[in-house]
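**Student:** First, the structure itself, so that you have it in front of you.
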Amino acid sequence: MTSQPVLNIPRSPLDGAIEIVAVAGIAFNLIYLIVNWAAMPDIIPIHFDVFGKVDSMGSKLTILLFPSLSLLFYILLTVVNRFPHTFNYPVPITEQNAYRQYEIALRLMKWMKMQLIWLFAFIEWQIIQAAIRKEFVLNIGFLLVIILVIFATVGYYLWQAYQNR
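In terms of the numbering used here, the sequence shown opens at residue 692 and continues consecutively.
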């Protein structure tokens, strides 16, 4: 394995905006949970089938996973983003393309972090709504849209990486 150049990639205004939206997702996760905690029953939906129907119930403590995982992923992905020279790339990294490839990869990681946090926020919101309203159906259509956006983000990254070989 050849070593890739170590470069300092400055953060753009777009990167800062993505980070703000990601932190807002974590805040939403926490605030929405705190505001609705007392209204939730002790047993809530914790798993849904492919049609959005509840197929498992469990302790409301389970809902704490979403803000916890959001915060954990935020921290881990933020730390990982400090080392773009250690990433695997779909194209060979050279002195000529390293800066742009790192920039593209770092942007992908930031977008993915933000999308993942908001995916967790959406699922948490749906579970809390189902628990409070006793309407145990997950909005599968919107969930699929979120997942498609995540795949589209990765596809766009791959296209950008190949365009900037």
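The C-beta atom is built at its ideal place from N, Cα and C for all residues, glycine as well. On a predicted model such as this, the values are computed, not experimentally measured, just so you know.
Within the same chain, show all residues whose beta-carbon is closer than 7 Å to that of M731, passing over the 5 residues directly before and after it, in chain order.
**Tutor:** The sequence position of residue 731 within the sequence shown is 40, counting from 1. These residues qualify, in order along the chain: K751, I819, A822 and I823.
**Student:** How far does the alpha helix (DSSP H) with D706 in it reach, from first residue to last?
**Tutor:** In the sequence shown, counting from the first residue as 1, residue 706 sits at position 15. Where D706 is concerned, the enclosing alpha helix (DSSP H) stretches over P704 to N727.
**Student:** In the DSSP assignment, find the alpha helix (DSSP H) that holds M803 and state where it starts and stops.
**Tutor:** Against the sequence shown, residue 803 aligns to sequence position 112. Counting along the chain, the alpha helix (DSSP H) containing M803 begins and ends at A789 to R824.
**Student:** Counting only the same chain and skipping the five closest in sequence on each side, list residues whose C-beta sits under 8 Å from that of L721.
**Tutor:** Position 30 of the sequence shown holds residue 721. The residues are P758.
**Student:** Would you tell me roughly how many angstroms separate the C-alpha atoms of V845 and L799, rounded to the nearest one?
**Tutor:** As a first step, residue 845 is located in the sequence shown; it is residue number 154 there, counting from the start. As a first step, residue 799 is located in the sequence shown; it is residue number 108 there, counting from the start. Rounded to the nearest angstrom, the two C-alpha atoms are 7 Å apart.
**Student:** Taking the C-alpha atoms as reference points, what is the distance between I837 and M805?
**Tutor:** Within the sequence shown, the letter at position 146 stands for residue 837. Within the sequence shown, the letter at position 114 stands for residue 805. Taking the straight line joining both Cα atoms gives about 12 Å.
**Student:** List the endpoints of the continuous beta strand (DSSP E) containing P775.
**Tutor:** Taking the sequence shown and counting its residues from 1, the one referred to as residue 775 is at position 84. No beta strand (DSSP E) contains P775, which DSSP labels as neither H nor E.
**Student:** Rounded to the nearest angstrom, what separates K825 and D746 at their Cα positions?
**Tutor:** Stepping through the sequence shown from its first residue, residue 825 is reached at position 134. Stepping through the sequence shown from its first residue, residue 746 is reached at position 55. Cα to Cα, K825 sits roughly 14 Å from D746.
**Student:** In the DSSP assignment, find the beta strand (DSSP E) that holds G749 and state where it starts and stops.
**Tutor:** In the sequence shown, the residue the question calls residue 749 occupies position 58. It spans V745 to S750 - the beta strand (DSSP E) in which G749 sits, taken as one unbroken run.
**Student:** May I ask you to list the residues that DSSP assigns as paired with I734?
**Tutor:** The residue given as residue 734 occupies position 43 in the sequence shown. Beta-bridge pairing links I734 to S750.
**Student:** Ignore the nearest five residues each way along the sequence and tell me which others in Y853's own chain have a CB closer than 6 Å to its CB.
**Tutor:** As a working mapping, residue 853 is identified with position 162 in the sequence shown. Cβ within range, chain order: n/a, list empty.
**Student:** For the candidate residues G716, V741, I795 and T777, whose alpha-carbon lies nearest to that of L760?
**Tutor:** Numbered from 1 along the sequence shown, position 69 holds the residue referred to as residue 760. The option with the nearest alpha carbon to L760 is G716.
**Student:** So the candidates are V697, Y790, F719 and I841; which of them puts its Cα closest to the Cα of F813?
**Tutor:** Sequence index remark: in the sequence shown, residue 813 carries index 122 (1-based). Ranking the options by Cα distance to F813, first place goes to F719.
**Student:** Along the chain, where does the alpha helix (DSSP H) that runs through V741 open and close?
**Tutor:** Within the sequence shown, residue 741 is the residue found at index 50, counting from 1. Taken as a continuous stretch (DSSP letters only), V741 belongs to no alpha helix (DSSP H), as it is neither H nor E.
**Student:** Between M748 and L724, what straight-line distance do the alpha-carbon atoms span, to the nearest angstrom?
**Tutor:** The residue given as residue 748 occupies position 57 in the sequence shown. The residue given as residue 724 occupies position 33 in the sequence shown. Each residue's Cα considered, the two are about 18 Å apart.
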